[in-house]
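Residue numbers (my numbering): 52 to 466.
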DNA sequence: CGAGATTCATGTGAAGTATACCTTTAGGCTTAA
DNA sequence: AAGCCTAAAGGTATACTTCACATGAATCTCGTA
């Protein structure tokens with residue numbers, strides 16, 4: 052959204068019409084009353100259809116208000132089932148109560164998926180420390196030194212620290228469960244304070260890959276978020292839609308269609324909300340006063356594109372170059388026979404053109420793997436018998452987004 | 001014809017290297033007594 | 001003499017490279033029917 056605003060901004064600037072633009076912008080009748088309500092990080096005052104989970108989680112965490120260490124808890128559920136939302140809701144309530152009563156209760160939330168923020172053991176601890184207002188250098192310290200700093204920080208005075216690790220499955224898949232073992236042992240090192248861990252995982256099978264010792268101590272309690280069904284999503288959309296839009300903005304049947312779209316994808320409420328918001332934005336830009344079903348279709352397309360585009364944009368240069376090579380080859384071969392070796396050759400040429408150092412094929416192989424993890428491509432190692440063995444790659448993004456992605460990549464790489 | 005050997009291109013793990021950054025320490029310089 | 005600054009020394013994490021070995025089915029080889 053901001054990006055779009057900037058684009059519009061640039062255009063307007065070019066036509067030397069800036070003042071006019073702002074005036075129009077202010078005067079223009081918006082469909083929205085409060086757009087925040089539909090944004091993903093918004094926490095509503097009540098969460099429909101999650102009473103059971105809220106209850107359970109609140110029960111588990113409640114002892115913290117008596118300064119007793121709550122059990123560690125693990126939360127499972129697919130994306131958009133309200134895990135993060137529920138946890139945020141409860142932790143913010145708890146910390147408010149704690150503040151009122153002057154209890155040394157501290158919550159820290161870390162999303163473990165973020166690249167270059169919390170994707171290694173070192174960085175995760177550093178990130179938690181940062182949330183506690185202590186900066187730990189990005190590199191240079193031994194990992195156990197980082198732990199020591201962290202322990203001193205927490206143990207300085209008696210506090211009860213509750214760490215929320217979102218998307219922890221991603222991190223463990225990447226660096227192993229040793230990290231979790233260290234975290235659980237942390238309490239033994241602490242004299243004054245105590246730490247509880249709330250793990251959030253998208254992968255329902257996650258604990259299967261954990262060491263039994265880690266598993267038993269970390270998931271003392273477990274909580275599952277089942278996907279919402281279509282009517283539940285409708286409720287959510289109505290509730291939020293009421294707060295976000297002006298009256299009578301949403302046409303008949305839009306909510307239902309929106310819910311149906313989302314229910315198709317394992318009941319992803321986040322997606323449904325996104326859909327509604329973007330549809331609203333599109334309708335607004337079109338100048339209409341109501342959101343119709345046709346806006347939803349455009350919105351769906353746009354969301355899908357934006358999501359991928361954002362991921363692509365934030366990748367490091369070498370990753371972008373690799374992706375561009377994949378796309379080029381993909382187009383050349385009509386989506387057939389895309390293998391590592393050929394990609395590497397194209398990549399090497401592109402490196403030269405882009406004036407970047409060429410990485411080895413070994414590394415490119417790993418980078419391709421990481422794109423697989425990101426869900427941009429899908430890979431399969433196949434044996435071609437006499438002709439060796441290779442990784443077969445297919446794109447898992449819609450065809451329509453390819454030109455746009457290429458554009459972004461070329462821009463980012465000065466090609 | 002078919003079982004076993006061969007082959008190829010690359011997957012994959014382990015160990016090594018370069019880089020960027022950290023803390024510690026020792027020496028030199030400045031300052032104030 | 002004490003205090004402060006700086007540069008060198010010694011150390012680490014991370015991204016990447018190098019090396020060496022593993023894979024696995026198409027193809028080849030050769031004995032057998």
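Note that beta-carbon positions come from the ideal geometry of N, C-alpha and C, so glycine has one too.
Source: prediction; values computed, not measured.
- Under the three-state reduction of DSSP, residue 84 is assigned to coil, being neither helix nor strand.
- When secondary structure is reduced to three states using DSSP, residue 161 falls in the strand class.
- If only complete runs of 4 or more residues are kept, the segment 111-156 shows the alpha helix (DSSP H) at 134-151, in order along the chain.
- Rounded to whole angstroms, the gap between the alpha carbons of residue 92 and residue 403 is 42 Å.
- Excluding sequence positions up to five before and after residue 461, its CB lies within less than 8 Å of the CB of 375, all in the same chain and listed in chain order.
- The Cβ atoms of residue 161 and residue 178 lie closer than 9 Å to each other.
- Listed in chain order, the alpha helix (DSSP H) runs fully inside the segment 323-399 are 344-364 and 368-383, counting runs of at least 4 residues.
- The continuous beta strand (DSSP E) containing residue 217 extends over residues 211-217.
- By the Cβ rule, the segment 217-227 counts as touching the segment 165-177, because three or more pairs are nearer than 8 Å.
- The alpha carbon of residue 372 has as its nearest neighbour, out of 464, 230 and 291, the alpha carbon of 464.
- In the three-state reduction of the DSSP assignment, residue 292 falls in the helix class.
- Residue state for residue 98 is assigned as coil, using DSSP reduced to three classes.
- Around the Cβ of residue 419, a 10 Å sphere holds 16 or more other Cβ atoms; the residue is buried.
- Here the segment 251-258 does not lie against the segment 196-213, with fewer than 3 beta-carbon pairs under 8 Å apart.
- When Cβ pairs closer than 8 Å are counted between the two stretches, the segment 328-347 is seen not to touch the segment 106-124, the count staying below three.
- For residue 319, the closest alpha carbon among the candidates 136, 393 and 301 is that of 136.
- For residue 229, the number of other beta carbons within 10 angstroms of its own is below 16, and it is reported as exposed.
- Spatial neighbours of residue 142 in its own chain (CB-CB distance under 6 Å, excluding positions within 5 residues in sequence) are listed in chain order as 158.
- A check of alpha carbon separations from residue 370 across 218, 357, 401 and 352 identifies 401 as the nearest.
- Between the segment 236-254 and the segment 208-220 there are three or more inter-stretch CB-CB distances shorter than 8 Å, so the stretches are counted as touching.
- Non-local C-beta neighbours of residue 194 in its own chain, meaning closer than 7 Å and more than five positions away in sequence, comprise 172 and 173, ordered along the chain.
- As the crow flies, the alpha-carbon of residue 184 is around 44 Å from that of residue 442.
- The beta carbon of residue 377 sits closer than 6 Å to the beta carbons of 394 from its chain, once the five residues preceding and following it are set aside; these are given in chain order.
- About 5 Å separates the beta carbon of residue 82 from that of residue 300, a gap short enough to meet the 8 Å contact definition.
- Closest option to residue 396, judged by alpha-carbon separation, among 413, 307 and 107: 413.
- In the DSSP assignment, residue 171 falls outside any alpha helix (DSSP H) and carries neither an H nor an E.
- The beta carbon of residue 310 sits closer than 7 Å to those of 281, 284, 285, 288 and 323, all from its chain and outside the five residues before and after it, given in chain order.
- Here residue 244 carries a coil assignment [DSSP, helix/strand/coil].
- In this structure the segment 272-281 does not lie against the segment 138-152, because fewer than three pairs of beta carbons, one per stretch, are closer than 8 Å.
- Look at residue 252 here: in three-state DSSP terms it is strand.
- Nearest C-alpha to residue 107 among 152, 182 and 122: 122.
- Proximity to residue 385 across 364, 444, 351 and 440 peaks at 444, based on C-alpha coordinates.
- Our two residues, residue 262 and residue 84, have alpha carbons roughly 50 Å apart in a direct line.
- Using a Cβ distance threshold of 9 Å, residue 126 and residue 134 count as a contacting pair.
- At the C-beta level, residue 382 and residue 428 stay beyond 9 Å of one another.
- Restricting attention to 389, 410 and 349, the CA atom closest to the CA of residue 399 is found in 410.
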